[in-house]
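Shown next, in structure tokens, is the structure this report addresses.
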Amino acid sequence: APVRTRLAPRPGFIGTSALASAVGVVVAAFFNNLGLAIAGVIGGRDPILYHNEVVYQSPGSDVALAGGLIACLVVGAFFLVLYPGSTRYDAARITTLWLVLHCFCQGFVQLALIPVSGSSNAALAYAALELPAGFDLVVAMAGVVGLLSVALASAPAFLAYSHRQAAISTPGSRAVFTSKLALVPGVAGPLLAVPFFLPDNGTGFIQTLPLLGLFTAATVLAAIGTRNVRVPSGGEAQGFSWLPLAWLVFLLLLFQFVLGRGVHIPPSLDTPFVE
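Residue numbers (the working numbering): 672 to 946.
Have a look at this one:
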């Protein structure tokens, strides 16, 4: 009898990918705010770091508002360098992959929205630079190209998690595989991250969360035409891992019980929290 080839990752590993995606969302948001805080310190803005925003207490140049997107792109590049160092296609590796994707997504989306979102941090920072008229469209196009490039380049990265070459041998099987390992977790991850940013305090960040994973739709489309993917020999189908869940629990405690109180940057031993 013919051997039936599994065309999709195991449900347990899909859940692991969704939790890893949530880790990526939370970490990307943290570094975005940390970048704003560090830039605020450099610009003398006396920042307070919260779980979902950074508040500047002193006036100053709005160029500091570019610190968030710069930090996301730098951290994304850092994790991208780390990613090839692992040879195991396990929970740690897929968590690193989602960290790369969400950090780059956080940075490139801010660039792409500069012309249409005049009140965003990136738009205010751009306006403070007083660049020639029309250059904002060039910056926005760079953001769009960067976002699409990350989504398209991630297709072979996700396909490599297949434990059998035959499981991704056809366009349909590649679409099924990336839909379950990338698209579904890409949308579910931001929804799982919602508790980290409550209460919202009017920032509007929670409303944008469901849109963060939609860029993985481009990953599925790119996977259809992706053929040259090397599946590691002797690979085994991965199941559920507690690693990303443990990271989420740690981050939730950090966000709700430390950052949720508001932390002065740089930290003060006398009055570390706003409360």
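The beta-carbon is built from N, C-alpha and C at its ideal position, and this holds for glycine as well.
Backbone secondary structure at residue i - three-state DSSP
i, result
"PRO680", "coil"
"PHE868", "helix"
"PHE944", "strand"
"ASN704", "helix"
"GLY857", "helix"
"ASP761", "coil"
"GLY686", "helix"
"PRO915", "helix"
"PRO803", "coil"
"ASN899", "coil"
"HIS773", "helix"
"SER820", "helix"
"GLN836", "helix"
"LEU885", "helix"
Buried versus exposed, by CB contacts within 10 Å (16 or more), residue i
i, result
"GLU801", "exposed"
"SER732", "exposed"
"ARG759", "exposed"
"PHE779", "buried"
"THR841", "exposed"
"THR844", "First, the amino acid is wrong: residue 844 is Ser here, not Thr. That one is buried."
"LEU930", "buried"
"SER688", "buried"
"VAL945", "exposed"
"ALA710", "buried"
"ALA917", "exposed"
"GLY884", "buried"
"PHE702", "buried"
"VAL787", "exposed"
Cross-strand partners of residue i (DSSP beta bridge)
i, result
"HIS935", "ILE719"
"VAL726", "ILE719"
Proximal residues to residue i (C-beta, below 6 Å), its chain only, five neighbours per side dropped
i, result
"TRP769", "ALA691, SER692 and GLY695"
"VAL902", "SER833 and GLN836"
Beta-carbon proximity list for residue i, same chain, < 8 Å, skipping 5 on both sides
i, result
"SER729", "GLY715, ARG716 and ASP717"
"PRO881", "VAL858, PRO861 and LEU862"
"TYR797", "ALA737, ILE785, ASP807 and VAL810"
Same chain, Cβ closer than 7 Å to residue i, neighbours up to 5 away in sequence not counted
i, result
"LEU818", "CYS776, PHE779, VAL780, ALA783 and PHE886"
"PRO673", "Below a pLDDT of 50, predicted positions are generally treated as unreliable, and PRO673, at 38, falls in that range; the measurement from the model is reported next regardless. Answer for PRO673: no residue qualifies."
"TYR727", "GLY711, ARG716, ASP717 and PRO718"
"LEU772", "GLY695, VAL821 and SER825"
"PRO915", "THR687, LEU690, ALA691, VAL694, ALA762 and THR766"
Within 8 Å, strictly: CB atoms of residue i and residue j
i, j, result
"GLY910", "ARG681", "yes"
"THR897", "LEU795", "no"
"ASN704", "ASP871", "no"
"ALA853", "VAL891", "yes"
"ALA748", "GLY706", "no"
"VAL855", "ILE713", "no"
"VAL734", "ALA799", "yes"
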